[in-house]
Each structure stands twice: as structure tokens, then as C-alpha cells.
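Only one structure is covered here, and it is reproduced in the block below.
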Amino acid sequence: MKDVETRPSRYEWVIILAILFASLPLILGFSLLVLSSFSKEMVTNLDLKSFHFTLENWINVFQGKLATTGGIKTNILKVTFHTLVVALGVSGVVTFISALAGYSLSRIDFKGRKHMMILLLILHAFPGVALIVGVYLLYRLTFPQSPDLIRLYSFFYVILARAALEIPMSVWLMKGFFDTIPWEFEWSGIIDGASRIKVWWKIMLPLIKPGILAVALFAFLAGWQDIIYVRTFLIDQTLATFIEANIEAEYTHMPLIAAAGTLYLLPTIIFFLTAQQILLQGYSGGIKG
Amino acid sequence: MNKINKEKFTALSFFLSPMLLMVVLFYLIPLIMTVYISFTQMRNWNVERYLKDFVGLYNYERLFYMFQHDPTFKAVLLTTIVFVGITLIINVFGGLALALATFFISEKPASSFRLLWLLPRMSPIAVYSLVWYYFFHGSEIGTLNSILMKLGVISQPIPWGQTVPWGAWSIIIFVNGLVGVSFGMIVFTSALNQIPRELVIAARVDGASAWEISRKILIPLTKWHFLYVLTWQFLSLLTTYPHLFLLVQWDLVNRDYGTTLALYVFNTAFGRGEQDQGLAAAAAVILSIIGVIGGFVTLKVLQFEKMMKRPRGDF
């Protein structure tokens with residue numbers, strides 16, 4: 015409950031204007047990018063004369079025509095699909111593993127439990143860059159021989175390696191969700207002779223659906239936005255590496271890259287509009303930067 | 013008793029083994045491998061040739077030599093110090109300012125602003141970098157240049173990111189600062205919401221202003237969170253680099269003065285041109301040592317262990 019007494023309404027608009035002013039670059043930058051995707055030229059110079067509405071960029075994006083002239087093509091649907099595979103894969107692996115580990119850390123008392131939780135915190139603080147050299151060597155040493163398998167393997171590997179980065183914090187998050195469930199719920203199950211595994215599956219998982227959703231959402235966004243891991247390990251292109259490569263390419267029509275960027279931004283915007291509560295509450299967890 | 017122990021063991025291995033497997037595969041083994049590579053001459057990922065080419069402390073000596081004589085490496089270290097220092101201040105105080113500001117306005121605009129400030133963190137890194145690429149672009153198409161030219165402040169577009177060192181530093185600090193502010197904002201917001209309302213209302217009745225309430229009541233009561241954000245963000249800033257990667261890659265900012273040590277490690281191992289994994293690994297080991305020490309200090313200072321209670325539901 016937000017009560018009137020805690021805040022004076024006469025200053026409110028001053029504060030709102032101040033935050034709005036501070037947010038200006040943020041709002042401006044993102045809107046200009048989206049606007050440019052519907053224009054014949056980039057409108058980043060704030061000159062509305064260069065804005066001519068067109069859907070051409072979007073049509074070209076979906077047809078994969080990178081240059082206004084010439085025949086350079088990319089199958090953007092395939093690129094989007096690759097991005098989606100990585101994001102869903104990371105989300106699945108992270109959710110599954112943290113739902114398992116989070117339960118045991120929350121509910122079962124065992125030797126080394128405390129140390130395991132400290133270890134997870136340290137791992138979360140651990141520099142990712144110190145790992146990636148070793149992670150890549152492991153990748154090279156486990157490379158399959160057949161060229162067909164390599165592409166598949168690179169998906170498999172990038173999903174696991176990226177998921178591993180999210181796991182420490184997701185386990186903590188999930189443990190937090192399990193902690194909120196009164197233990198009487200599972201107690202009755204255990205007294206009736208059910209095993210911990212059965213209790214976890216039948217009683218606990220249905221109770222923490224919101225937690226599972228939150229962890230899955232964050233892991234999805236982490237996999238969806240990643241550039242470093244997909245760039246290093248994945249043989250196929252994702253939207254991130256597509257944009258990376260095309261900024262430098264001279265043949266690229268820039269508003270088309272703006273359209274690809276907006277396409278890439280879509281899930282974020284969708285989550286923004288639909289899952290605000292989850293985002294605001296849960297985002298204090300699995301984050302760095 | 014024995015049966016119970018065995019049951020517990022079965023359950024625990026079911027719940028914990030996937031996580032442990034991931035930790036071993038993607039933290040423990042890579043860490044050992046990184047340390048190992050730092051003792052080899054590995055370059056261009058020529059595993060067959062260099063994996064067994066053991067050179068002892070050679071890479072560490074090279075790092076030390078570069079530290080003394082290489083102007084590029086000196087620029088990287090200086091950039092790391094300036095970047096971490098200033099961004100940390102912006103993240104902590106920016107987050108605190110946003111949390112306090114949204115605390116004093118009505119719920120609706122407050123949560124809209126909080127959501128808006130999550131955008132940098134949530135948007136894909138490539139899109140986020142694209143936005144700032146155009147914003148700070150050194151020609152007339154750059155948003156900042158065009159605003160300043162329209163206002164008549166400058167007559168020629170300024171190549172912000174290539175103006176060393178402060179132009180490049182300002183951009184990387186700004187871009188990463190926006191990402192970090194939301195972390196502080198959310199932690200401080202939840203801290204402020206835990207403070208009993210009565211304290212604020214009583215102060216308000218006594219005629220205290222928002223500023224006085226913040227300074228005398230709210231900030232002192234969020235000391236723990238302040239320390240938490242400070243140490244955690246310090247570690248993050250020291251070791252993360254994805255938000256800087258594309259800015260350097262696209263030449264928006266100067267290569268030397270836009271590269272922190274973490275990004276230097278990545279570019280040395282995976283970047284264009286000469287790849288030198290041995291050297292990168294040695295630098296990574298040094299970063300890890302700093303990171304792990306920092307992590308333990310964080311745990312001690314914040315007394316995280318007290319937060320770990322015995323599970324209630326177990327018997």
C-alpha cells in the first residue's frame with residue numbers, strides 16, 4: 015500500500031521530470047532505432063526530413079536481402095530460428111537443473127550444504143572470461159570428427175556452456191522460491207511414505223510454478239541476448255552475430271539492420287509488456303554488470 | 013538409520029548430480045585448463061602443435077614486461093582502473109538516486125520508470141550496442157552530434173569515441189553504467205520497501221523534507237545493501253566485457269582506451285589477427301585470482317553465512 019503521507023505531491027512532478035530527463039538518451043536511442051526500421055534512411059540524426067515511411071526494410075529482412083542492390087542474401091528466418099533454439103535450450107537446461115538443485119538446498123539438510131551454497135555464490139562472482147579459454151579448449155578436445163555432427167554439436171555445446179553461467183544464480187533464485195512454501199505441504203506426503211523425489215514432483219513443483227516461470231524467463235532472455243558464447247562456439251549465425259557482422263559490411267543497407275535489431279528486440283518488448291511483475295521482482299537475482 | 017541414510021543419498025544424488033556435473037564440466041575443468049594453457053605457448057588454437065609445448069612462467073613474464081614497457085597494455089590497465097572506478101560510482105549512486113526518486117513518486121510512474129531502466133539489461137547486447145553506435149557515431153548521423161550541431165554548440169561533428177582518452181572512456185562508462193544502474197535500483201528499492209512506513213510517516217508529520225528523510229532515515233537503514241551493491245558491482249565490472257565488445261569491434265571507441273583487461277583477455281584469445289591464448293590465459297588467471305579474493309571478501313564483509321539457515325522441513 016502506497017500511502018499519501020509518505021510523499022508530498024507538490025514535488026512529485028519535479029522528480030518525474032528529473033527522471034524523465036535522465037532517461038532521455040535511453041528513450042531517444044531505442045525509439046530512433048525502431049523508427050529507422052520503418053524509414054528509407056536512418057533517422058538517427060533527428061532530422062525528420064530523412065524519415066520516409068516504408069515497410070520495405072521489414073519485407074527485405076524477411077526475404078533476407080541485405081543490400082539495396084546486388085544479390086547478397088541471408089535466410090533471416092533460419093538465423094532467428096537458431097537464436098530461438100539457443101535461448102530455449104538454455105532456458106530448459108537452467109530451469110530443469112535449478113528446480114532439482116534448488117529443492118534439495120532448500121529442503122534437505124546434508125553435510126556440505128552450506129559450503130555448496132557459498133561455492134555457488136563464488137561461482138557467480140567468478141570471472142566468465144577466465145573460463146571461456148578453458149571452455150573453448152574442452153570444446154576443441156571433444157569435437158566430433160564428422161562435419162555434419164559438428165554443427166549439431168556446436169548447438170549442444172553452446173547451450174550447455176551458456177546455461178552453466180546462469181546456473182549459480184538460478185539455483186539461488188529457485189531455492190528462494192522453495193523457501194516460501196510452508197513445509198507442512200510436503201510433510202504430509204513424507205509421513206505417508208512418499209520419497210523426496212516423489213514429493214518434489216507431485217507436491218512441490220506444482221506449487222512453485224511462478225518461480226519456474228521466472229527462472230525460465232530469465233534464462234531465456236540470457237540465451238536470447240548472448241553474443242559472446244554464440245560467437246565463439248556456434249557455427250551457425252544468430253541474430254547477434256548477424257548484426258555484428260553486418261555493421262561492418264559495406265554493402266549493408268543500414269535501415270535493414272535497424273529492422274533486424276528491432277526484430278531481435280521483440281521478445282524483450284513482449285516480456286516487458288506481459289511479465290512486468292516478474293521482471294521487476296526477480297531481476298535483482300541472476301544479473302551482472 | 014542405515015536405510016534412511018541410503019534413501020537420503022539416493023535423493024541427494026538425484027537432485028544435485030546434474031548441477032554438480034555442470035559445475036565440474038564448465039567451471040572446474042575449464043579453470044584447470046586455463047591455468048594449464050597459461051603455461052603453454054598456445055596460439056591460433058593450434059591444439060595439436062602447442063598443447064604439450066610447456067614454457068613455464070614465460071607468459072607471466074611477458075605480461076610483466078608489457079606492464080612495464082608496452083604502451084597499449086598500459087592503456088588497457090589504465091582504462092580498466094578508470095572504467096571500474098567511475099562506473100562503480102555511477103552504478104551505486106545512480107541506483108540509489110533512482111530508487112529514492114521512485115520512492116517519492118506515485119506507484120504508477122515509479123514502476124514505469126523502473127521498467128524503463130531495466131531495458132538496457134534486458135535488451136540483446138547486439139541491439140543495445142547498435143543503439144549507442146548510432147547515438148555516439150562520430151559523423152553527422154550520430155544523434156549526439158546532430159543535437160549539438162542543431163543547438164549550435166559545435167559546428168563540426170566530433171568523433172567522440174576516438175577522442176582519447178576521455179571521449180572513449182566516457183562512452184564505455186556511459187554505456188555500461190546504464191546497465192549497472194538497474195541492479196542498484198532494484199536492490200535499493202526492495203531495501204526501501206522493507207523499512208517500516210511509520211518511520212517515514214512520523215518524520216513527515218514532523219515536517220521533514222524528502223531530502224532530510226532520505227539522508228537521516230532511508231540511507232542509514234540501507235547500509236547493508238549499499239555494501240552489497242558496491243562489492244558485487246565491483247566484481248562484475250572487473251570481469252564482464254560483452255557490452256564493451258561490440259563498441260570496440262565496430263570502432264566506435266578507440267581500441268586501446270576502450271578495452272578493459274577482461275575484454276583484452278577475450279580479444280587476445282578469440283579476436284582478429286594474432287591470437288595468443290597462452291598470454292590471454294595468463295591474464296585470465298590473474299583476473300581470476302583478483303575475482304576469487306574479491307568474492308571471499310564480499311562474503312566475509314556481508315556475512316552471507318548468517319543468511320544460510322538450516323532447512324526447517326528436514327528431519
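Sequence lines, in order, name chains L and P. Just so you know, we're using the working numbering here: the first sequence kicks off at 15 and counts up by one. Just so you know, we're using the working numbering here: the second sequence kicks off at 13 and counts up by one. Heads up, the beta-carbon is just placed ideally off N, CA and C, and yes, glycines get one too.
Please return the same chain residues whose Cβ sits closer than 6 Å to the Cβ of residue i, not counting the five positions on each side in sequence.
i, result
"L/H96", "D250 and T252"
"P/L43", "none"
"P/T201", "A111"
"P/L233", "I207"
Can you say whether residue i is buried or exposed, counting buried as having 16 or more other CB atoms within 10 angstroms of its CB?
i, result
"P/A222", "buried"
"P/T84", "exposed"
"P/L142", "buried"
"P/T252", "buried"
"L/S112", "buried"
"L/D17", "The pLDDT assigned to L/D17 is 48, lower than 50, so where the model puts this residue is not dependable, and the model offers no usable value."
"L/W27", "exposed"
"L/K302", "Unreliable positioning characterises L/K302 in this predicted model, as indicated by a pLDDT of 38, which lies under 50. The coordinate reading is nonetheless provided below. Counting Cβ neighbours within 10 Å, L/K302 comes out buried, since at least 16 surround it."
"P/D218", "exposed"
"P/D288", "buried"
"L/D206", "exposed"
"L/F35", "exposed"
"P/T22", "exposed"
"P/W244", "buried"
"P/H149", "buried"
"P/E286", "exposed"
"P/S151", "exposed"
"P/R61", "exposed"
"P/A295", "buried"
"P/R284", "exposed"
"L/R127", "buried"
"P/E73", "exposed"
"L/A263", "exposed"
"P/Y240", "buried"
"L/A233", "buried"
"L/Q239", "buried"
My output table needs one value for residue i: the three-state DSSP class, helix, strand or coil.
i, result
"L/F35", "helix"
"L/F170", "helix"
"P/K86", "helix"
"L/L160", "According to the sequence as given, residue 160 of chain L is Ser; it is not Leu. Reduced to three states, the DSSP call for L/S160 is coil."
"L/F65", "coil"
"P/T280", "helix"
"P/S29", "helix"
"P/T252", "coil"
"L/I53", "Correcting the residue type first, residue 53 of chain L is Ser in the shown sequence and not Ile. Reduced to three states, the DSSP call for L/S53 is strand."
"P/F66", "strand"
"L/T97", "helix"
"P/T52", "strand"
"L/K79", "strand"
"L/M15", "Residue confidence is low: L/M15 scores 41 on pLDDT, short of 50, so the model does not pin down where it sits. Its coordinate-derived value is still stated next. In the structure shown, L/M15 sits in coil (DSSP, three-state: anything other than H, G, I, E or B)."
"L/K87", "strand"
Which residues in the same chain as residue i place their Cβ atom closer than 7 Å to its Cβ, once the five residues preceding and following it in sequence are excluded?
i, result
"P/T99", "I185, N188, G189, G192 and L249"
"P/F125", "T114"
"L/F247", "Y153, S168, Y171, V172 and A175"
"L/S120", "K189, F192 and D193"
Would you grab the beta carbon distance between residue i and residue j for me? Rounded to a whole angstrom, and I think it's under 8 Å.
i, j, result
"L/N71", "L/P269", "5 Å"
"P/V35", "L/L137", "7 Å"
"L/A274", "L/F286", "With 8 Å as the limit, L/A274 and L/F286 do not qualify as a contact, their Cβ atoms being about 19 Å apart."
"L/V108", "L/E180", "5 Å"
"P/Y39", "L/A178", "7 Å"
"P/S135", "L/L279", "6 Å"
"P/F278", "P/F246", "Their Cβ separation, rounded to whole angstroms, is 20 Å, which puts P/F278 and P/F246 out of contact at 8 Å."
"P/G106", "P/G173", "Not quite, the Cβ-Cβ distance comes to about 22 Å (not below 8 Å), so this is no contact."
"L/G237", "L/G103", "7 Å"
"L/I86", "L/Y265", "6 Å"
"L/F65", "L/L49", "7 Å"
"L/L135", "P/L311", "7 Å"
Between residue i and the rest of its own chain, which residues show a CB-CB distance below 8 Å, the 5 nearest in sequence each way excluded?
i, result
"P/F26", "none"
"P/L259", "S141, W144, Y145, G173, I183, I184, V187, V265 and G270"
"L/D123", "none"
Segment contact flag, the region 48-66 of chain L with the region 265-280 of chain L, C-beta cutoff 8 Å, min 3 pairs = Yes, they touch.
Decide if the region 266-277 of chain P is in contact with the region 209-224 of chain P; the criterion is three or more beta carbon pairs, one per stretch, under 8 Å apart.
-> Result no; under three Cβ-Cβ pairs closer than 8 Å.
Hey, is the region 141-159 of chain L in contact with the region 196-212 of chain L, meaning 3+ C-beta pairs nearer than 8 Å?
-> Three or more Cβ pairs closer than 8 Å define a contact, and the region 141-159 of chain L falls short of that threshold against the region 196-212 of chain L.
Mind the definition here: the region 90-99 of chain P touches the region 151-165 of chain P only if three or more C-beta pairs lie below 8 Å; say whether that holds.
-> Using a C-beta cut-off of 8 Å, the region 90-99 of chain P makes no contact with the region 151-165 of chain P, since fewer than three inter-stretch Cβ pairs fall below that distance.
Stretch-stretch touch, CB-based, cutoff 8 Å, three pairs: the region 132-151 of chain L with the region 61-76 of chain L | Contact between the region 132-151 of chain L and the region 61-76 of chain L is absent, because fewer than three Cβ pairs lie under 8 Å.
The region 147-161 of chain P / the region 34-44 of chain L touching (three or more Cβ pairs under 8 Å) = These segments touch.
Are the region 115-124 of chain L and the region 234-244 of chain L touching, with three or more C-beta to C-beta distances below 8 Å?
-> No, because fewer than three Cβ pairs between the region 115-124 of chain L and the region 234-244 of chain L fall closer than 8 Å, the two stretches do not touch.
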